Each structure stands twice: as C-alpha cells, then as structure tokens.
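The listed protein sequences correspond, in order, to chains G and P. Numbering follows our numbering, in which position 61 of the first sequence is assigned residue number 61; successive positions increment by one, without gaps. Each number in our numbering comes from the position in the second sequence (counting from 1) with 1000 added on. Ideal Cβ positions, reconstructed from N, Cα and C, are used throughout, including at glycine. Given the structure is predicted, the values throughout are model-derived calculations rather than measurements. Here is the structure we will look at, set down as structure tokens.
2 protein chains.
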Amino acid sequence: MTTLSTKADDIARVLEDEIVGGLIPPDTVLRQEMLSERFDVSRTPVREALRRLAALGLVSFEPNRGVRVRSISAHELHEAFLVRAELEALATEVATPKMTPDDLAEMDAVERRFGELTLELRDQARSGVTGDATLFVEWMQANYAFHDVIYRVAELPLVERIAKSARRTFIGDRVWRARAELDQLYAKNDLQHRAIREAIGAGSATAARALAREHVLSSNTLIEVVLETLGASGREPGWG
Amino acid sequence: MTTLSTKADDIARVLEDEIVGGLIPPDTVLRQEMLSERFDVSRTPVREALRRLAALGLVSFEPNRGVRVRSISAHELHEAFLVRAELEALATEVATPKMTPDDLAEMDAVERRFGELTLELRDQARSGVTGDATLFVEWMQANYAFHDVIYRVAELPLVERIAKSARRTFIGDRVWRARAELDQLYAKNDLQHRAIREAIGAGSATAARALAREHVLSSNTLIEVVLETLGASGREPGWG
DNA sequence: GAGTCTCCTTTTGGATCCAGATTCGCGGTG
DNA sequence: CACCGCGAATCTGGATCCAAAAGGAGACTC
C-alpha cells in the first residue's frame, strides 16, 4: 500500500474546499501552528499547502506576517463571471457536434433533477423558511452537473479547469443567505438550461454557444442585484 | 530594510521563467538538492517553490519520486490558444470603448515597432540565417506588448492573468527553431494587429472582438502547421 | 543465462530546531 | 495626556535532521 498522495496535497484540498465553500471567511489569517495542530502534522507540509493555495489565488502571503484568505471584490466576482461566460460558451460550442444520444439523455436526466430541485427551492424560498443550506447546495451541485456534462463531452480539460476555478470565486454561503430573493434566478436558470439543451439537440453550435454565454451573464447580473440589495452584509466568522 | 519577498517566491519566479522560456525542457526531473545548491538555500524553500509551480501546472509531483517538468501535448497547446482567443476577444471588446487618444497613440507606437521587427525577422527568415534567437524574442515581446496595451485599458486583471498564463504554454524556443517557415505568420500577425487597431479606433467593439479572436486562432493554425512539418523534432537537454 | 531476492545508495516527505521580523505592552519623557 | 523607545512574546522563514520509499547493483536460484 503506497501513500499515493502527500500530506501537503491533502491539507491543500481540504483548505481549498473550506475556503471556496465560505467555511473559512475572507480576510481570515491562517496561523501555521493552528493548522499543524488541526491536521496533526508539522508546519512544513502546512506551508507547502499554503503555497499551493497562494498560487491558486485563494490566499496571499504577507512576508513575515502570515497568510490571509483573499477576499473577492465585486469587480473580481464580475470578472470571474465574464471568464466563465466566454469559456462555457466555447465548451458548449465545441461539445454540440460531439453529443451522442446517450449524452443528450444524460443531460435530460440531470436537467430533470435540476428542475425538481428548482421547484423545491422556489417553494422553500417563497415560504420564507430559513432552513439549512443543504437544499441550496444540492441545487447548486445539480446546476454544475448540467454544465459538467457539457465539459465532459467537449473534452477540453484546460478550459474546464480554468472555468471551474473561476466558478469557485462564487462563495455559496454568502449568496445562500439571500436565497429568498433568488426566485427569479432559480426559474431563469432552469429555463435557460432547457434552451441550451434544445439548441444542442438541434445541432446548432452557434445558438448553443450564444445561449450558454447569455446564461452565465444573466446569472451574473442577478447575483449582482442580489448582492447590492444585501448591501454590506455583516458576516460571522464561524471559525477560529 | 525589510525582505519584501521570500526566497521561495524568488526561486519560483526564476524557475518559472526558465521553464516557460524552454531553458529547462519538458520531462526534466528537478532534483531538490540540485536546486538548493544552485540557489544556495536549503531544500525547504525549494520545495515550497516547487509546490507553487505545481499549482500553476508547470511541474507535476510524483510522490516519493520527484518533480517533473510537464510537457505540453499538442492538444493542450491547442486548448491554450482557444482560451487565449476567447479571453483576448473579451478584453478587446471591453477595452474598445475605454480607449483614450493617448492609448491609441501608444498602440500605434507599439505596432510601429512590431512592424519594423516583423520586416527584420522576415528578412532574416528568408535569408536562411540560423542566428541567435534574440530577434525572435524581441519580436515576440513586441507582439505581446501590443496585446498588453489592450489588457491595460480593459482593466480586467483576472482575465489578463489567465490569458497570460495560457500564453506561457507557448514554448518560444521550440517554435523559434522553425522560424524559417514562419514567414506567413509574421506577415499575417502584423496585418491583423493593424486591423484590430483600426476597429478599435473606429469604436466598433464587436468588430474588434471578432478580429482579436480570429487573430489568435489564425496564429494557432499556423503554429500547428509548423509543428506538424517539424514532426517529432529532437530536443537537446541543454540543462542538467 | 534469465529472473529474483537482498542490501545499499539516493532522494523524498516530514519533524524539529534556530534566527530574524513583527506585535504588543509597559514604562519613561516631553 | 500623548508619544516614543525598549524588551518580551509570538510567529514566520529557513536550516538541519530523521524515517521511509524508490532505484540499482550484485549474489543466489533454477
């Protein structure tokens, strides 16, 4: 039985998830000793993990002062959506002529699931229940699953990697708290998915491309509206 | 007097340049001790630097076996061009309405310089001189300088960062050896730059966008043709 | 003679140790 | 009372040390 992975990589993956998931909020200072105790290792692999996160742009080193979780500005969030819009448009265009009937069937299945979750989520949002975030997380994952089918068919690993890393700047937790205002986004996303699916089914790469681009861009505008209504919402640390 | 930068970052920057510049060829195994001797430090900062390079995708860790400089496949190179095409198109579109007369003047100056170098390079290519690569490097830098004006005006740091990182997969050294076959690329690049400049000057964001996209894509096809004619060209280590 | 087992060298991953930088509190000074 | 300087506590960056994994040469077996 070989190790197959190094501790630095394991730690990096965990921290990565926690940062992009909003569990570790922006501007948090990560103390090396704290992390080394938590993961029960020395500071050496911790620092290597932090270097990786720094290269990914998730944290920033301030020499002799510590590492800080980077906060995403509104501008950066906007840019991330622009990047995703272009790259998902590209992936959709490339994927369209490569779609097999099986792939289309998978898209339908994923989309059906997404549609169901959308309904549930809209119900919950309208009823004003401030329940847990699990439903939202599921919905988000189903949303991504739809796009992931496209990425898989497109066979553009580099594009996929970059787009997914741009996807991460979208802090789920922050937006989740405003889910009551997201009714429009839920409905529109669902409709746009169907439109993309139909364009792909019709074999129109250019239409599918345009729809994919608009889909991401419209998500962007809605998210920005929501964040604006939220204003400078307070944020609990929930960590440290 | 503070340090302002850490050794790991310094080392990472140097290695980064050497890898993207082709000075350290793909598939090279980087021995930690060798690097620590070279930079006169211990292996600790060396490994942190390597972690950063790994996160950037320039090297890959093989647990307990070492780090290897990643070789870019033809498919990856193609993808990198696709990404650049989309993102430079986006940046050009965004930059167009923001261009001031001063910016346009700078574009003209940079483009003039690029045109001169293009002529020189075509002369050298036709004369069959197998001189040093400095002229090619200058030409490449002038080429990038043109696009950099657009990036600066667009004010999309994230887009710029991603596009430039995609730019790096283009190993200058490898293509340089085929410069005699690149006469078309030289001429076409120059003409396309002018077309982009004119579209921006005319304030047509959509035209500029389309031209920028085609510009990058046509570079791609030409590069691929060249690499194909080169076939599986041998490569000297020149290192280690 | 080919294949395999063993031992030794090399190299990596991780732990521990040390020097320098930053922070903070405390007392002195105008 | 505000301000400056000094020293301890804290934390980072880097060096050194150690265990374990991979690789390779030689002996041993069939």
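Could you give the distance in angstroms between the alpha-carbon of residue i and the alpha-carbon of residue j?
{"i": "His147(G)", "j": "Phe1146(P)", "result": "35 Å"}
{"i": "Ala142(G)", "j": "Val110(G)", "result": "7 Å"}
{"i": "Ala195(G)", "j": "Ser204(G)", "result": "11 Å"}
{"i": "Leu1004(P)", "j": "Asp1010(P)", "result": "11 Å"}
{"i": "Ala1199(P)", "j": "Asp1108(P)", "result": "13 Å"}
{"i": "Met1001(P)", "j": "Arg126(G)", "result": "Any reading at Met1001(P) must be qualified, since the residue scores a pLDDT of 45, below 50, and its modelled position is unreliable; the value itself is stated next. Spanning the two alpha carbons is a distance of roughly 59 Å."}
{"i": "Asn189(G)", "j": "Asp1190(P)", "result": "43 Å"}
{"i": "Leu1156(P)", "j": "Glu86(G)", "result": "14 Å"}
{"i": "Val153(G)", "j": "Thr96(G)", "result": "8 Å"}
{"i": "Gly238(G)", "j": "Leu82(G)", "result": "Note that Gly238(G) scores a pLDDT of 33, beneath 50, so its modelled location is shaky; the value from the coordinates is reported in the next line. Cα to Cα, Gly238(G) sits roughly 31 Å from Leu82(G)."}
{"i": "Leu158(G)", "j": "Leu1056(P)", "result": "12 Å"}
{"i": "Leu1227(P)", "j": "Phe1136(P)", "result": "17 Å"}
{"i": "Tyr1144(P)", "j": "His1078(P)", "result": "19 Å"}
{"i": "Val1094(P)", "j": "Thr1206(P)", "result": "10 Å"}
{"i": "Arg17(G)", "j": "Ile24(G)", "result": "Checking the displayed sequence, the identity of residue 17(G) turns out to be Asp instead of Arg. Using only the alpha carbons, I get a separation of about 9 Å."}
{"i": "Ala74(G)", "j": "His215(G)", "result": "19 Å"}
{"i": "His1193(P)", "j": "Arg84(G)", "result": "26 Å"}
{"i": "Asp27(G)", "j": "Val67(G)", "result": "9 Å"}
{"i": "Val1225(P)", "j": "Asp1040(P)", "result": "43 Å"}
{"i": "Gln1124(P)", "j": "Met1140(P)", "result": "15 Å"}
{"i": "Ala1210(P)", "j": "Thr44(G)", "result": "49 Å"}
{"i": "Ala49(G)", "j": "Glu1120(P)", "result": "47 Å"}
{"i": "Thr1221(P)", "j": "Ser218(G)", "result": "33 Å"}
{"i": "Gly1240(P)", "j": "Asp102(G)", "result": "Residue confidence is low: Gly1240(P) scores 29 on pLDDT, short of 50, so the model does not pin down where it sits. No coordinate-derived value is stated."}
{"i": "Ile223(G)", "j": "Ile1223(P)", "result": "40 Å"}
If residue i and residue j are in contact, beta carbons under 8 Å, what's the gap, nearest whole angstrom?
{"i": "Arg70(G)", "j": "Ser60(G)", "result": "5 Å"}
{"i": "Ala1080(P)", "j": "Leu1053(P)", "result": "So it is not a contact: roughly 17 Å between Cβ atoms."}
{"i": "Glu160(G)", "j": "Tyr151(G)", "result": "4 Å"}
{"i": "Leu104(G)", "j": "Gly201(G)", "result": "6 Å"}
{"i": "Ala1212(P)", "j": "Glu1088(P)", "result": "5 Å"}
{"i": "Thr118(G)", "j": "Tyr186(G)", "result": "5 Å"}
{"i": "Thr1169(P)", "j": "Glu1076(P)", "result": "6 Å"}
{"i": "Arg1051(P)", "j": "Arg51(G)", "result": "4 Å"}
With which residues is residue i paired in a DSSP beta bridge?
{"i": "Glu1062(P)", "result": "Gly1066(P)"}
{"i": "Leu1030(P)", "result": "Val1067(P)"}
From this set, the options, which residue's C-alpha is nearest residue i's C-alpha?
{"i": "Ala8(G)", "options": "Ser42(G), Glu18(G) and Val20(G)", "result": "Ser42(G)"}
{"i": "Arg246(G)", "options": "Ile19(G), Gln124(G) and Val14(G)", "result": "A question about residue 246(G) goes unanswered here, because the residues of chain G that appear run from 1 up to 240."}
{"i": "Thr92(G)", "options": "Val67(G), Ser219(G) and Ala208(G)", "result": "Ala208(G)"}
{"i": "Arg1122(P)", "options": "Ala1049(P), Asp1183(P) and Thr1169(P)", "result": "Asp1183(P)"}
{"i": "Lys1098(P)", "options": "Glu1214(P), Val1149(P) and Leu1050(P)", "result": "Val1149(P)"}
{"i": "Val1029(P)", "options": "Pro1045(P), Gly1021(P), Thr1044(P) and Leu1058(P)", "result": "Leu1058(P)"}
{"i": "Ile72(G)", "options": "Val216(G), Met140(G), Ile19(G) and His193(G)", "result": "Ile19(G)"}
{"i": "Gly21(G)", "options": "Arg197(G), His193(G), Thr134(G) and Leu50(G)", "result": "Thr134(G)"}
{"i": "Asn64(G)", "options": "Met1140(P), Thr1006(P), Arg1051(P) and Leu1217(P)", "result": "Thr1006(P)"}
Can you find a heavy atom of the ligand PLP that lies under 7 Å from the Cβ of residue i?
{"i": "Lys164(G)", "result": "The ligand PLP is absent from the structure shown, which contains no ligands of any kind."}
At least 3 beta-carbon pairs within less than 8 Å: the region 1157-1166 of chain P vs the region 1114-1129 of chain P: no
Touching by the beta-carbon criterion (3+ pairs, under 8 Å), the region 1028-1039 of chain P and the region 30-39 of chain G: no
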